[in-house]
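Here's the structure, in structure tokens; my notes come after.
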Amino acid sequence: MKFLAKYGVDGFILSLIGAIILAYVYPQLGAVTLDKALGFATTYGVSITFFLYGLKLDTKQLLVGISNWKLHTLIQSSTFIFFPVLALLVKPWFDSMGQPVLWLAIFYLGALPSTVSSSVVMVSLSGGNVVSAIFNATLSSLLGIVLTPLWMSLFMGQVNSNFDLTDVLMKLVLQVIVPVIIGMSLNKFGGAWAQKNKVALKMVDQTVIILIVYQSFCDSFDHHIFATLPISNIIWLSVGMIVLFQVVYQLIKWCAHRLGFNEADTSTAIFCGSKKSLVHGTVMSKVLFGAGAEVGIYLLPIMIYHAGQLIGASYLARKRGEKLAQQSNH
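If you're matching positions, the sequence shown starts at 2 in my numbering and goes up one per residue.
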């Protein structure tokens, strides 16, 4: 277990895998027997997750790292422009294969914000600028609340004829934006408590994610959605997620060097700009896709990418950190 944890494979990742296996073995448990209970828990769980996010958000700390605008521009451009554009480039190929839903799932991954905690950890490991990492990870999460639905609204109607932008915006306001604002307004009173209990609150977030993943895959397996997705496509999808991470990693690295960044800022750009948030991807899926049977497919790329980015980024961050340490000793 310690060996797996070294590369980011912890109990949470194993729990997600277990939830998918349980959904595959007995899909009716989540799709029929516990459908209403899971629907209630996950719907309110989304609001709780974003409320806790707002409660933990210290705006004073956010403003500390605001000055390095070139670094911030590169990271946010990578997160919300590079990724979606790369996804758009492969759209014709997926259309020719008759897999528009799978492409939309990849585009959804591309439209998501960066992670917060793991980005900061990787930047720290690599010897990067932690203050800027905190600023950008937080800014990305806030921007994602608006930009992710906006990106998705451009293509959702092409795949789902029942897509209702007004309904999505209403859910976005009630389940995401309002809880975040309430949480932020209470930060002065409960922020210190949230930081003190961040391990327990992280478990709340992870529990909500596991429940959403379980319910989504139960519905998908119960409706035989994955029967339309050959195993070869899932294998190629996994390979594609690895390639995507490497392409973005190298693209950010090249841009950072062209902009004249030092090694610390380059590491910050790489490990903030190449990450995608499983938390936002999972909870936002409830708002964007509702309880549709295809939600399992929409979550598949982000789950694969999340596991890959933890393993790949952990290795690369350690290597960069060791390299910087050696350079500073000479």
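Every residue gets a Cβ at the ideal spot worked out from N, C-alpha and C, and that includes glycine.
No Cβ-Cβ contact shorter than 8 Å links Cys256 with Leu144.
Taking the C-beta atoms as reference points, Leu56 is found no nearer than 8 Å to Leu173.
Restricting attention to alpha helix (DSSP H) runs no shorter than 4 residues, the stretch 192-244 encloses them at 199-223, ordered along the chain. Of all alpha-carbon atoms in Val177, Thr229, Phe84 and Thr139, the one lying nearest the alpha-carbon of Val248 is that of Phe84.
Judged by their CB atoms, Gln216 and Gly31 are nearer to each other than the 8 Å cut-off.
If you draw a straight line from the Cα of Trp237 to the Cα of Phe95, it comes to about 12 Å. Judged by beta-carbon spacing, Tyr54 lies beyond the 8 Å limit of Ser125, meaning their Cβ atoms are not closer than that value. The beta carbons of Leu103 and Tyr306 sit no closer together than 8 Å. Contact annotation: Leu212 and Leu39 have beta-carbon atoms nearer than 8 Å. The beta carbons of Pro231 and Ile107 sit no closer together than 8 Å.
By the Cβ-count criterion, Val33 is exposed, with fewer than 16 other Cβ atoms from all chains shown falling within 10 Å of its own Cβ. Leu151 and Phe164 have their C-alpha atoms spaced approximately 13 Å apart. Here DSSP, grouped into helix, strand and coil, assigns Thr60 to helix.
Bounds of the alpha helix (DSSP H) holding Leu110 are Pro101 to Ala112. A check of alpha carbon separations from Met185 across Leu87, Phe51 and Trp70 identifies Phe51 as the nearest. In the assembly as shown, Gly19 is an exposed residue. Its beta-carbon has fewer than 16 other beta-carbons within 10 Å. Rounded to the nearest whole angstrom, the C-alpha separation of His224 and Lys277 is 28 Å. Thr229 and Gln100 have their C-alpha atoms some 9 Å from each other. The Cβ neighbour count for His258, taken over all protein chains shown within 10 Å, is under 16; the residue is labelled exposed.
Taking all protein chains in view, the Cβ of Asn263 is surrounded by fewer than 16 other Cβ atoms within 10 Å, so the residue is classified as exposed. About 16 Å separates the beta carbon of Asp206 from that of Val288, a gap too long to meet the 8 Å contact definition. Beyond the five residues adjoining it in sequence on each side, Ser119 comes within less than 6 Å, by CB distance, of no other residue in the same chain. Nearest to Phe222 by alpha-carbon distance, out of Gln77, Glu295 and Val132, is Glu295. If you ignore the 5 residues before and after Gln29, its C-beta comes within less than 7 Å of the C-beta of Asp223, all in its own chain and listed in chain order.
Ranked by Cα distance from Arg321, the options Asn137, Asn130 and Lys189 are led by Asn130. If one requires a minimum length of 4 residues, the alpha helix (DSSP H) runs lying completely within the stretch 26-84 are 36-57, 60-65 and 70-78, in chain order. Rounded to the nearest whole angstrom, the C-alpha separation of Ile146 and Ile21 is 27 Å.
About 5 Å separates the Cβ atoms of Ile210 and Thr283, confirming a contact at the 8 Å cut-off.
Relative to the Cα of Ala138, the nearest Cα in the group Thr80, Ser154 and Val179 belongs to Thr80. Assigned with DSSP and collapsed to three states, Asn263 falls in coil, not helix or strand.
Sorting Phe290, Asp266, Gly291 and Ile312 by C-alpha distance to the C-alpha of Lys71 places Asp266 at the top. Gln327 counts as exposed, since fewer than 16 other beta carbons sit within 10 angstroms of its beta carbon. Between the beta-carbon of Leu105 and that of Phe156 there is about 6 Å, and that keeps the pair under the 8 Å contact cut. Within the same chain, Cβ atoms closer than 6 Å to the Cβ of Gly158 are found at Phe164, the five residues on either side in sequence being excluded.
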